[in-house]
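Written out below as structure tokens is the structure these notes cover.
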Amino acid sequence: MRVYNFSAGPSMLPMEVLEEAQRDFLDYNGTGMSVVEMSHRSKPFQAIVDEAEALLRELMNIPEDYDVLFVQGGASTQFEAVPLNLLKNGKADYIVTGNFANKAYKEAQKYGDIACAASSKEDNYTYIPNVDEIKFRDGIDYVHITTNNTIFGTRYTKFPKTDAPLVADMSSNILSEPVDVSKFGLIYAGAQKNVAPAGVTIVIVKKELTNQAMAICPTMLKYATQAPEHSLYNTPPCFCIYMAMLTFRYLKKIGGLAAMKEINERKANMLYDYIDNSGFYTNPVRKEDRSMMNVPFVTPSKELDEKFVKEAAANGLVSLKGHRLVGGMRASIYNAMPEEGIVALIDFMKKFAKENA
Ligand SMILES: *Cc1c(COP(=O)(O)O)cnc(C)c1O
């Protein structure tokens, strides 16, 4: 039996993507071999990388003057790759809106003069600072933001205006809605939340930013190494790129990111509306900053929270335990969570509230 899996990542993938991968697994496209057995220099694999890149460009409307890279190491490796590649004057500003944003900020400090331009830490990251009021320093190489805060359940609805390139960690909301890529110098995202199995990281970088790496930047982390090779400098995460291609095809088929956004808004609104009107559950995040992907909530007590997680799992609603930094519950409702999953969760929440109020 398949469950509704609310894991923050790795997380659900669309059923038809999984089924297609299963059908193809032993014999990809008449090659007589699995994608996981295939040379990354072979024609069939080249076609997979090419299609994945082309589809991502189409879905996100990525301008020509950006490179698209599929690399390894997760978003966490980009926490160091970004400063190593972009710090030509040795200065950057970070907005710290959560745990991953803070990790990125801390990592960058090893390589230059890094300042925190704004933070919502004093309020346990329950909101996004007003981007219009943030003052950035002169002479910085970039501004770093985390567009969706996976643990705390917030997201930017508006981006800071800066003359320096804007760098965004979009790990937990890439492809959930349209974004104007041209507003960013660099976007990166680990795939395991909205795209594919863990193991591939998407980097979308403006070409003019790929040639200013620090001398100590390791070859493998350098965008100038990866970009001309179109993700084939060394052995890439082949199976993950193939899975990403299938997800991109699926997104295109359902109508692209505008259609995906509509579905995601409907799902998130349904859940937030129920929580806000339940008189039993609460979500601590400022309404206008609420994430469409990660919804933290609590019952009136820690004991009930624990009971909730256990009983939900017994009812096929799994991985609802909140992150240890927040406690309570968190429903991660990425692209692949069907609307029926939200309905099932709300039905369970109603029943649980009635029995425990
Ligand atoms: C999950 C996550 C990360 C960490 O990704 P890894 O691929 O595990 O390194 C970083 N940033 C955000 C916003 C995330 O959600």
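Quick note on my numbering: the sequence shown kicks off at 31 and runs consecutively. Just so you know, even glycine gets a beta-carbon here, dropped at the ideal spot from N, CA and C.
Query, Result
"Inside the region 300-336 only - beta strand (DSSP E) runs reaching at least 3 residues", "324-327"
"Residues bridged to residue 388 (per DSSP)", "What the structure shows of the chain is the stretch from 31 to 387, and residue 388 is not part of that stretch, so it cannot be assessed."
"Simplified DSSP assignment, three categories, for residue 43", "coil"
"First through last residue of the beta strand (DSSP E) which encompasses residue 216", "216-220"
"Coarse secondary structure for residue 359, derived from DSSP in three states", "strand"
"Status (buried if at least 16 other CB within 10 Å, exposed otherwise) for residue 215", "buried"
"Contiguous beta strand (DSSP E) assignments of at least 3 residues, all confined to the region 153-205", "172-176, 196-199"
"Proximal residues to residue 148 (C-beta, below 7 Å), its chain only, five neighbours per side dropped", "125, 159, 164"
"Residues near residue 57 in its chain [Cβ-Cβ closer than 8 Å; skip 5 each side]", "63, 64"
"Closest Cα partner of residue 378 within the set 348, 357, 248", "348"
"Buried versus exposed, by CB contacts within 10 Å (16 or more), residue 303", "exposed"
"Cβ-heavy atom distance, residue 166 to ligand 1, below 6 Å", "no"
"DSSP three-state assignment for residue 148, whether helix, strand or coil", "strand"
"N- and C-terminal bounds of the beta strand (DSSP E) containing residue 231", "231-236"
"As assigned by DSSP and simplified to three states, the class of residue 96", "strand"
"Beta-carbon spacing of residue 319, residue 231 below 7 Å", "no"
"7 Å Cβ cutoff met for residue 174 and residue 209", "no"
"Sequence-distant residues of the same chain with beta carbon closer than 8 Å to residue 212, five excluded per side", "93"
"Alpha carbon of residue 245 to alpha carbon of residue 350, nearest angstrom", "44 Å"
"Separation of residue 317 from residue 375, as counted between CA atoms", "21 Å"
"Whole-Å CB distance - residue 274 paired with residue 225, under 8 Å assumed", "5 Å"
"Of the listed residues 168, 200, 202, nearest to residue 193 (C-alpha basis)", "168"
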